[in-house]
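Novice: In the order they appear, the protein sequences are chains A and B.
Going by the numbering used here, the letters in the first sequence line up with residues 1 to 106, in that order.
Going by the numbering used here, the letters in the second sequence line up with residues 1001 to 1271, in that order.
Where is the CB? At the ideal position from N, CA and C, for every residue including glycine.
Just so we're clear, the structure is a prediction, and the values are computed from it rather than from any experiment.
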Amino acid sequence: MANRSTIKIRTKYFPDYTLVRTLIAHTMETGRNTAQDTKELIPAHFIQTLTFKHNDKVVSECHMGFGISKNPFFSFKIKQAKLGDKITISWKDNLGFSDTKDHIVQ
Amino acid sequence: MSFLIFILLTLSSSTVHSTPVDDSQLLRDFYQQQLPLIAFSDYADGVYAFDADSKAAWLDINQFPPYEFSLEKGKNLFKQPFANKSHYADCFPTNGIAIAQLYPYWDEEKQSIITLASAINDCRLKNRLPTLTYESDEITYLMAYMADTSRGQLINTHMPNSALPAYERGKAYFYQRRGQLNFSCASCHVDNAGKFIRSEILSPALGHTTHWPAYRLKTGKLGSLHTRFKVCNRLIRAKVHEAQSTELRELEFYLSYLSNGLPLNGPSIRK
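(1) In terms of residues, what are the limits of the beta strand (DSSP E) holding L62 of chain A?
(2) Counting pairs of Cβ atoms below 8 Å between the region 1240-1249 of chain B and the region 1180-1191 of chain B, do you hit three or more?
(3) Can you tell me whether D99 of chain A is helix, strand or coil according to DSSP?
(4) Using a Cβ-Cβ cut-off of 8 Å, state whether E1168 of chain B counts as contacting chain A.
(5) Starting from V20 of chain A, trace the beta strand (DSSP E) both ways and give me its first and last residue.
(6) For chain B, find out if any of its Cβ atoms is closer than 8 Å to the Cβ of N55 of chain A; answer yes or no.
(7) Assign F1253 of chain B to one of two classes, buried (16 or more other C-beta atoms within 10 Å of its C-beta) or exposed (fewer than that).
(8) Roughly how many angstroms separate the alpha carbons of W1058 of chain B and E1109 of chain B, rounded to a whole number?
(9) Are three or more beta carbon pairs between the region 86-94 of chain A and the region 48-61 of chain A nearer than 8 Å?
(10) Could you tell me if A1117 of chain B is buried or exposed, where buried requires 16 or more neighbouring beta carbons within 10 angstroms of its beta carbon?
(11) State the CB to CB distance for the pair D99 of chain A and H45 of chain A, rounded to an integer number of angstroms; the pair is presumed to be in contact (CB under 8 Å).
(12) Should R4 of chain A be labelled buried (16 or more other beta-carbon atoms within 10 Å of its own) or exposed?
(13) Name the DSSP beta bridge partners of A1214 of chain B, please?
(14) What residues from chain A crowd round P1066 of chain B, counting only those whose CB sits closer than 8 Å?
(15) Residues of the region 1066-1089 of chain B with a CB closer than 8 Å to any CB of chain A: list them in chain order, please.
(16) May I have the straight-line CA-CA distance separating P1020 of chain B from S1150 of chain B, to the nearest angstrom?
(17) Within its chain, find whatever has a CB closer than 6 Å to the CB of K8 of chain A; leave out the 5 residues flanking it on each side and keep chain order.
(18) Excluding the 5 residues flanking T27 of chain A on each side, which residues of the same chain have their C-beta closer than 7 Å to its C-beta?
(19) Would you say Y1152 of chain B faces chain A, with C-beta separation under 8 Å as the test?
(20) Classify E1247 of chain B as helix, strand or coil using the three-state DSSP reduction.
(21) Residues of the region 25-52 of chain A with a CB closer than 8 Å to any CB of chain D: list them in chain order, please.
(22) State yes or no: is the beta carbon of G1223 of chain B nearer than 8 Å to at least one beta carbon in chain A?
(23) Using a cut-off of 7 Å between C-beta atoms, extract the partners of K8 of chain A located in chain B.
(24) Measure the C-alpha to C-alpha separation of P1267 of chain B and I1155 of chain B and round it to an integer number of angstroms.
(25) Please name the residue or residues paired with Y13 of chain A in a DSSP beta bridge.
(26) What number of angstroms, rounded off, separates the C-alpha of P1065 of chain B from the C-alpha of R10 of chain A?
(27) On the three-state DSSP scale, how would you describe T34 of chain A?
(28) Quick check on G1220 of chain B - is its C-beta less than 8 Å from some C-beta in chain A?
(29) Grouping DSSP H, G and I as helix and E and B as strand, with all else coil, what is P1093 of chain B?
(30) By DSSP, does K1239 of chain B sit in helix, in strand, or in coil?
(31) Suppose the cutoff is 7 Å on Cβ atoms and the five residues either side in sequence are ignored; what does the same chain contact list for L1255 of chain B look like?
(32) Excluding sequence positions up to five away, which residues of its chain have a Cβ less than 6 Å from the Cβ of K1055 of chain B?
Below, the structure written as structure tokens:
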């Protein structure tokens, strides 16, 4: 995951809620696809847990399988979030890779 | 009598030798008559100009477009210096920023059509680097970045006299029926533009070159205009010409001339 983050986060603040949108770069291989050149099965590689935190408190945890699309997109609303609050999104996949990113609501 | 001959002459000259300007005007008038509710600028949005529901969904996806990662990669590739410390930017006017609307153009010296993709490869050759495979991810990312910097620029394809044979061949390709299904490009994109083909709406030819490369939700990646040409030819079960072949470049040149004056809005998202 080197220097570039795999997670993009954008937030939009409304008086009664905050809209959080996130796009994650991940191949999300199901394990059922064959490689075009070698004709062999591509091993399954998908995000298993996705965690959303608001000011370091877990607000949601998604347990995902291989049915989720490549480069998944999630959007959700947090009622309590105020301007300047910290949103943290992190993922961990079945091969042990992971990434995390912080974002300040603005 | 002489007046009559004059009329005959003008009639025959306008029907036999139609100029690119005439072609473009005729097609625009035809769409105007067939699809009176679609304004000229709407053609830049392709099929989304025809269906309010899919346009709303499309605008929603555009808020956080899935091609952003590819765009970022394209930007990094574009800024990365070559081994001789030169850049892609050095090969293009205005450092490669906001120039996509000038492609494709007719090169008087080479007597051929230069597309954005071939210009990128020419730049690599000039810097003693191997050319990129057309339709590869790397060249598509580069084109995505260059298209993104050109957002909102109006398509401006020049048509010098020496380019007319190439234009005519592109036009002939567009109207030539071919393949097992015996379709021409025009069968769908002129005669039946805006109508349904099963569940999908057929896009009008006007605006075909505005939004490339396009991220297809179906394939989950960015694809170029020539990739789309290939898909069209495969769907009508015709011979599939290679990307950046002379035939497809001439077709791109013809379509691009028709879309003169429309704003670029690539990279974009298509179903």
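Specialist: On the basis of the coordinates in this document:
(1) The sequence as given places Cys at residue 62 of chain A; Leu does not occur at that position. Note, C62 of chain A: beta strand (DSSP E), K57 to H63.
(2) no
(3) strand
(4) no
(5) Run containing V20 of chain A: T18 to I24, per the beta strand (DSSP E) assignment.
(6) So, not an interface residue.
(7) Flag for F1253 of chain B reads buried.
(8) 42 Å
(9) Yes: at least three Cβ pairs fall under 8 Å.
(10) buried
(11) Their Cβ separation, rounded to whole angstroms, is 14 Å, which puts D99 of chain A and H45 of chain A out of contact at 8 Å.
(12) exposed
(13) B:G1223 and B:S1268
(14) Those are L23, N71 and F73, listed as they occur along chain A.
(15) P1066, E1068, F1069 and E1072
(16) 25 Å
(17) L23
(18) H45 and K70
(19) Here residue 1152 of chain B turns out to be Gly, not Tyr, going by the sequence shown. Not one chain A Cβ lies under 8 Å of G1152 of chain B.
(20) Helix, per DSSP.
(21) Within the model displayed, chain D is absent; protein chains A and B are what it includes.
(22) no
(23) Under the 7 Å cutoff, chain B gives E1068.
(24) 15 Å
(25) Paired residue(s): A:T18.
(26) 12 Å
(27) Here DSSP, grouped into helix, strand and coil, assigns T34 of chain A to strand.
(28) So yes, G1220 of chain B belongs to the interface.
(29) helix
(30) coil
(31) A1205, H1208 and T1209
(32) Y1048
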